[in-house]
Amino acid sequence: MTEKTVPSVDLRNRAPQPYIAIEGPIGVGKTTLAKRLADLFNYQLLLEDAHENPFLSKFYENQRQNALATQLFFLFQRVQKMDDLKQQDMFKPLRIADFLIDKDPLFARVNLDNDEYELYSKVYDQMTVDAPTPDLVIYLQASVDRLLERIDRRGVAAERSISRHYLESLNEVYSEFFLYYDAAPLLIVNANQIDLINRNEDFVQLVDYALDIKAGRHYFNPTLID
Numbered sequence: 002m003t004e005k006t007v008p009s010v011d012l013r014n015r016a017p018q019p020y021i022a023i024e025g026p027i028g029v030g031k032t033t034l035a036k037r038l039a040d041l042f043n044y045q046l047l048l049e050d051a052h053e054n055p056f057l058s059k060f061y062e063n064q065r066q067n068a069l070a071t072q073l074f075f076l077f078q079r080v081q082k083m084d085d086l087k088q089q090d091m092f093k094p095l096r097i098a099d100f101l102i103d104k105d106p107l108f109a110r111v112n113l114d115n116d117e118y119e120l121y122s123k124v125y126d127q128m129t130v131d132a133p134t135p136d137l138v139i140y141l142q143a144s145v146d147r148l149l150e151r152i153d154r155r156g157v158a159a160e161r162s163i164s165r166h167y168l169e170s171l172n173e174v175y176s177e178f179f180l181y182y183d184a185a186p187l188l189i190v191n192a193n194q195i196d197l198i199n200r201n202e203d204f205v206q207l208v209d210y211a212l213d214i215k216a217g218r219h220y221f222n223p224t225l226i227d
């Protein structure tokens, strides 16, 4: 693991990776990071648009009853975005997404019972597109306490019923998935102490570190930066 101490003066003069995907559990800050990177480098922004999922608020209230519909809606949405991305390959714009479709089946395993997961898997196998491989994947991770704090702070009504147990399950799934992930260069970020909204220096340090990554697995821990 390499430590960085002096961030670039002007990140806009740096050459960003053409396609970055950001992942992590709800409340960790992936959409905030995606939007800030898109603004900085004029990325085409691909967002998961969770607010468009009509089943999501019902899922948080009763996971067992609404899990399959919620998961399938997200699958259809993500596949459509990846398909649109492939159609635009000839233009080769810079792109950033706040999701990685590769992790979708593992995520579904947390939410679905065995019969539902079998059905989901059949749909996934039929629909999965040959999605472009990111040039960099950024995985933001944080403790359940910090996730609950951030979810409460942003005050989205549909998220108020999210349980600690559910967030613990998500953290376990993400840890398992990225433990073995090697399809693209990976940056694992300790996001517990990062405030990408109110502290610009956090954003600058993270991006300055990320822009040097061309291959392999890397770790960014802001507590190591003076």
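So the sequence shown is numbered by this note's numbering: it starts at 2 and just counts up by one. Backbone N, C-alpha and C define an ideal beta-carbon position, used for all residues, glycine too.
Exposure label - residue i; buried when at least 16 CB within 10 Å
i: F77; result: exposed
i: D116; result: exposed
i: P94; result: exposed
i: G28; result: buried
i: Y121; result: buried
i: Y181; result: exposed
i: Q206; result: buried
i: Q194; result: exposed
i: A39; result: buried
i: N14; result: exposed
i: N54; result: buried
i: M91; result: Caution applies to M91, whose pLDDT of 49 falls short of 50 and renders its modelled position unreliable; the value that the coordinates give is listed next. Classification of M91: exposed, given that the 10 Å Cβ count is below 16.
i: V7; result: Only weak support is given to the placement of V7: the predicted model assigns it a pLDDT of 39, under 50, and the value that follows is read from those uncertain coordinates. V7 should be labelled exposed.
For residue j and residue i, believed in contact at Cβ under 8 Å, the rounded distance
i: L137; j: K31; result: So it is not a contact: roughly 13 Å between Cβ atoms.
i: L197; j: D203; result: 6 Å
i: L12; j: D209; result: 6 Å
Own chain partners of residue i with C-beta closer than 7 Å, once the 5 adjacent residues on each side are dropped
i: Y20; result: R96, P133, P135, D136
i: K104; result: E24, F178
i: A184; result: D103, T134
i: A216; result: P186
i: L113; result: A68, L69, Q72, Y121
i: P270; result: Here the chain comprises residues numbered 2 to 227, so residue 270 is not present and cannot be evaluated.
Cβ of residue i within 9 Å of any chain B Cβ
i: G25; result: Chain labels in this structure do not include chain B; a single protein chain is all it has.
Own chain residues within Cβ distance below 6 Å of residue i, not counting five before or after
i: A22; result: A98, L101, P135, V138
i: D85; result: none
Contact under 9 Å by Cβ, residue i with residue j
i: F56; j: P17; result: no
i: Y46; j: K36; result: The question names Tyr, yet the displayed sequence has Leu at residue 46. In this structure, K36 lies closer than 9 Å to L46 by Cβ.
i: L107; j: V174; result: yes
i: A159; j: Y220; result: no
i: N191; j: A143; result: yes
Per-residue DSSP class, three states only, for residue i
i: R200; result: coil
i: L113; result: coil
i: P223; result: helix
i: V124; result: helix
i: Q18; result: coil
i: E249; result: Limits of the chain in this structure are 2 at one end and 227 at the other, which puts residue 249 out of reach.
i: R161; result: coil
i: I195; result: coil
i: A98; result: strand
i: M91; result: Confidence is the limiting factor: at M91 the pLDDT is only 49, short of 50, which leaves the residue's position unreliable and the question unanswerable from this model.
i: E24; result: strand
i: K80; result: It should be pointed out that residue 80 corresponds to Val in this sequence rather than to Lys. Reduced to three states, the DSSP call for V80 is helix.
i: Y182; result: coil
i: L141; result: strand
i: I214; result: coil
i: L48; result: coil
i: V205; result: helix
Residues near residue i in its chain [Cβ-Cβ closer than 8 Å; skip 5 each side]
i: M128; result: L76, F77, V80
i: I214; result: Q18, L137, P186, L188
i: R165; result: V145, L149
i: M83; result: I102, V130, A132, P133
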